[in-house]
Every structure is written in structure tokens, then in C-alpha cells.
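As you go down the protein sequences, you meet chains A and B in turn.
Heads up: the first sequence at position 16 corresponds to 46 in my numbering, and the numbers run straight through without jumps.
Heads up: the second sequence at position 91 corresponds to 294 in my numbering, and the numbers run straight through without jumps.
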Amino acid sequence: KAGVTQTPRYLIKTRGQQVTLSCSPISGHRSVSWYQQTPGQGLQFLFEYFSETQRNKGNFPGRFSGRQFSNSRSEMNVSTLELGDSALYLCASSFNREGGYGYTFGSGTRLTVV
Amino acid sequence: TQLLEQSPQFLSIQEGENLTVYCNSSSVFSSLQWYRQEPGEGPVLLVTVVTGGEVKKLKRLTFQFGDARKDSSLHITAAQPGDTGLYLCAGSNSGGSNYKLTFGKGTLLTVNP
């Protein structure tokens, strides 16, 4: 079956712009999470959605937002981009409601802010 | 705030050697997962351990969950160049609003032929 699909794979944006990243989970998976990965901080949790509801949010500024659609696809948006937002953004989906048995990650979107 | 400390941060060994990676926390997790990540790709789940004291084997990889469910280890026997990658441990807690993984910063393993 198809894995988690993230688009686009690479993005270059200018400071102050906004960006939208997309994630299509594995068919049947209703939990979708987003993580930011940087060399200094590792993987940090952004937010998690289940059945279109945000159930948890990490410690990121309000410029980071997300949503989930009825088909479980998810998007995240970053407004007023800063240089420090350059990172690999990873989406993960899980069949299990609580995700305790493992997540399947996409290949990520590499965002570069210049 | 729950934290996971991984050690060592970097490990470079020769093919055929054994190694152990550690993942420690002061907090209890209901489950702990190990992932391997290769450059330019997302992490791939290797194993999930749920029960304190649990040991799981995946070919040459052995995973152990501490009795108190606060720590875990990954042991690789006779490492091969194909084992090269970033190994990440991640803790999960069920219930409440804690639907997330807490990741360690990873162990970058290089196995030289």
C-alpha cells in the first residue's frame, strides 16, 4: 500500500513569506502528526490531528498552524517565515488512535528560508 | 517536560563489531519506539516496546525496555555497513491529551567496511 506522501519535497522561500505543506497519510490512518527536524534540536513535535480535530500542539509560535480534512489529508502552514524555520518538516500517520504502536513517516519537506 | 537522552551521540565502528545505544529518561513512558533514519528520508519504525523488561529481537538487533519503563537500549551484533544511519528513540504516552512522540536527539552510527 502507498506510504505517507508529503509534497513538495523541497521548498525555498524568502523571509516574510508564508508556506503550505501537504501530507497524505496511509489509507485508513486517521491520526496525522507533524514534526520539525533540525540539526540542533532534533525532532520536535508541532501538532497532531485525529478526525479533523487538533488534539495536541507543541511549543511553537502561532505562526505555525495546521488542519486536517475529512479524508485525513493534512496541511501545515507557516506564516511570516524566519530564517530559523529552515528545517525538514516530517508528517507521520498512525492507525492506532493513540499512536502508541508506531508511526509511519513521510520523506519530509525540506524548507529553506533565505 | 519529558526528555529522552540518547548516548552516544556519534559512533563510528568497523564492520563486524558489536555496539549498544542507550536511551534514558527520568519519566515513565507507556511505550518506546526505535526508528532509523537515512539522509534525506523520514524515520522508519524498527520496533515498539510496551512492557517493562521486554526484549525484542529483529535479526541482529536486540531492543530492551527497562523494568521501570524509563529507559531502553539497542544492541547490534556484527554490524554491517547497511546499518549506517541515525538511530532515534521516541517515547509515547497514551491517554489524556498527550498524543505525541518525544524523541531523543539520536545516535549517528557509521559502520565502515
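Cβ coordinates follow ideal geometry from the N, Cα and C atoms, glycine included.
Is residue i helix, strand or coil by DSSP?
i               : result
glycine 96/A    : strand
leucine 207/B   : coil
aspartate 270/B : coil
leucine 113/A   : helix
valine 231/B    : coil
alanine 32/A    : coil
Would you give the residue range spanned by the beta strand (DSSP E) that residue i belongs to?
i                   : result
leucine 289/B       : 288-295
arginine 239/B      : 234-240
serine 104/A        : 104-108
threonine 305/B     : 304-306
asparagine 315/B    : 310-315
threonine 37/A      : 35-37
phenylalanine 213/B : 213-217
valine 258/B        : 258-261
tyrosine 133/A      : That residue, tyrosine 133/A, is in no beta strand (DSSP E); it is neither H nor E in DSSP.
threonine 223/B     : 222-227
threonine 280/B     : Unbroken run through threonine 280/B: none, as it is neither H nor E.
arginine 140/A      : 139-143
valine 247/B        : 247-252
In whole angstroms, what separates the C-alpha of residue i from that of residue j?
i                   : j                   : result
glutamate 244/B     : glycine 255/B       : 31 Å
glycine 114/A       : arginine 45/A       : 10 Å
phenylalanine 77/A  : glycine 88/A        : 6 Å
serine 228/B        : valine 34/A         : 30 Å
serine 123/A        : arginine 39/A       : 17 Å
phenylalanine 80/A  : proline 284/B       : 39 Å
phenylalanine 266/B : proline 246/B       : 17 Å
glutamine 48/A      : leucine 235/B       : 35 Å
glycine 259/B       : threonine 68/A      : Here the sequence assigns lysine to residue 259/B, which means glycine is not the residue at that position. Straight-line Cα distance between these residues: approximately 30 Å.
phenylalanine 125/A : leucine 249/B       : 17 Å
glycine 269/B       : serine 275/B        : 6 Å
serine 102/A        : threonine 251/B     : 24 Å
isoleucine 13/A     : leucine 111/A       : The question about residue 13/A has no answer here: the residues shown for chain A are numbered 31 through 144.
glutamine 212/B     : glutamine 240/B     : 14 Å
glycine 294/B       : phenylalanine 232/B : 6 Å
serine 109/A        : glutamine 66/A      : 15 Å
asparagine 296/B    : glutamine 205/B     : 10 Å
arginine 140/A      : alanine 271/B       : 37 Å
cysteine 226/B      : phenylalanine 75/A  : 18 Å
serine 61/A         : serine 100/A        : 12 Å
valine 144/A        : serine 57/A         : 35 Å
cysteine 53/A       : histidine 59/A      : 12 Å
proline 55/A        : glycine 132/A       : 14 Å
valine 253/B        : glycine 288/B       : 24 Å
isoleucine 216/B    : serine 230/B        : 31 Å
glycine 307/B       : tyrosine 238/B      : 11 Å
threonine 310/B     : serine 210/B        : 7 Å
valine 314/B        : leucine 214/B       : 8 Å
By Cβ distance below 7 Å, which residues in the same chain neighbour residue i in space, the five residues on each side in sequence not counted?
i             : result
glycine 146/A : Nothing about residue 146/A can be read from this structure; chain A reaches only from 31 to 144.
proline 316/B : Glu218 and Pro284
serine 116/A  : Leu141, Thr142 and Val143
Along chain D, which residues have their Cβ under 7 Å away from the Cβ of residue i?
i                   : result
phenylalanine 306/B : Going by chain labels, chain D is absent from the structure shown, which instead holds the protein chains A and B.
Within a Cβ cutoff of 8 Å, which residues of the same chain sit near residue i, ignoring the five residues on either side of it in sequence?
i                : result
asparagine 221/B : His278, Ile279, Thr280, Ala281 and Ala282
glycine 96/A     : Trp64, Leu76, Phe77, Tyr79, Gln84, Ser104, Glu105, Met106 and Asn107
Go through its chain and collect everything with a Cβ distance to residue i's Cβ below 6 Å, but skip five positions before and after it.
i               : result
leucine 50/A    : Leucine is not the amino acid found at residue 50/A; the sequence shown has threonine there. So the qualifying residues of the chain are Glu105 and Asn107.
serine 63/A     : Glu78 and Ala122
threonine 223/B : Ser276 and His278
*Run through the stretch 49-87 of chain A for me and flag every whole beta strand (DSSP E) of 3 or more residues, listed as ranges in chain order.*
49-54, 61-68, 72-80 and 83-87
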